[in-house]
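Beneath this line is the structure, given in structure tokens, with notes to follow.
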Amino acid sequence: MKRIISIVLALTFFMLLFIPLAQAAYTSHTEHFDDGSYMVAGFDGNTEHEEADATLSFIGKLIEAIKNIINFILGKSDYKTTETEKYIHYYDKNGVRLWSVYLKGTFTYNGKTVSCTDASARYHIYDNDWEMIYCNSEKSGATAKANFKLKQYKLGVPLKEIESSITLTCDVNGKIS
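Position 164, counted from 1, in the sequence shown is what this note's numbering calls 164; the numbers after and before it change by one each time, with no gaps.
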């Protein structure tokens, strides 16, 4: 039994050499507003959650590799699972972050088909002048989406409203965009 466990662990670590820890296209996009404020959209990696996400990603990949080995040995499905998180950060004209919205998507794929199995949205407001009106997530086919709307108030008077969405799409090979 110890020998089988040793072989499975050795194969798992060997497979990890060939599994990228992140398959997302790590690009960001910035949208500027007339008042000097701006939104930055991209894949999570530069936030306070970076260490926890990297650890969870590694543990998730390790568990996934073990599942794949077991499924291969048992002759079961060759589906793989990947997940990632995309964000929108909103900054004032001085570069101070005022709020953030995150979308986490989980996908299964096998080189022929792909499906979004979970989508979840969350947000954090750093400035008390902003209020979340709604923030929800949905999944459809190979896409996860978060829709949200925030309003800024000063002394109870609405000043600004931002309504937007975040989308994650996965292809049949597990590449997320």
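Backbone N, C-alpha and C fix where the C-beta goes; we use that ideal spot for every residue, glycine too.
For Leu103, the three-state secondary structure derived from DSSP is strand. For Gly42, the enclosing beta strand (DSSP E) has its first and last residue at Tyr38 to Phe43.
Rounded to whole angstroms, the Cβ separation of Thr84 and Ile166 is 11 Å, and the two are not in contact under 8 Å. Annotation for Lys145: Leu103, Ala119, Ser137, Glu138, Lys139, Ser165, Ile166, Thr167 and Leu168 place their beta carbon closer than 8 Å to its own, counting only its chain and skipping 5 residues before and after. Tyr87 and Val101 do touch by the CB rule: their CB atoms are close to 7 Å apart, below 8 Å. Excluding the 5 residues flanking it on each side, Ala121 has same chain C-beta neighbours closer than 6 Å at Leu103, Cys135, Ser137 and Ala146, in chain order. Ala142 carries a coil assignment under DSSP once its states are collapsed to helix, strand and coil.
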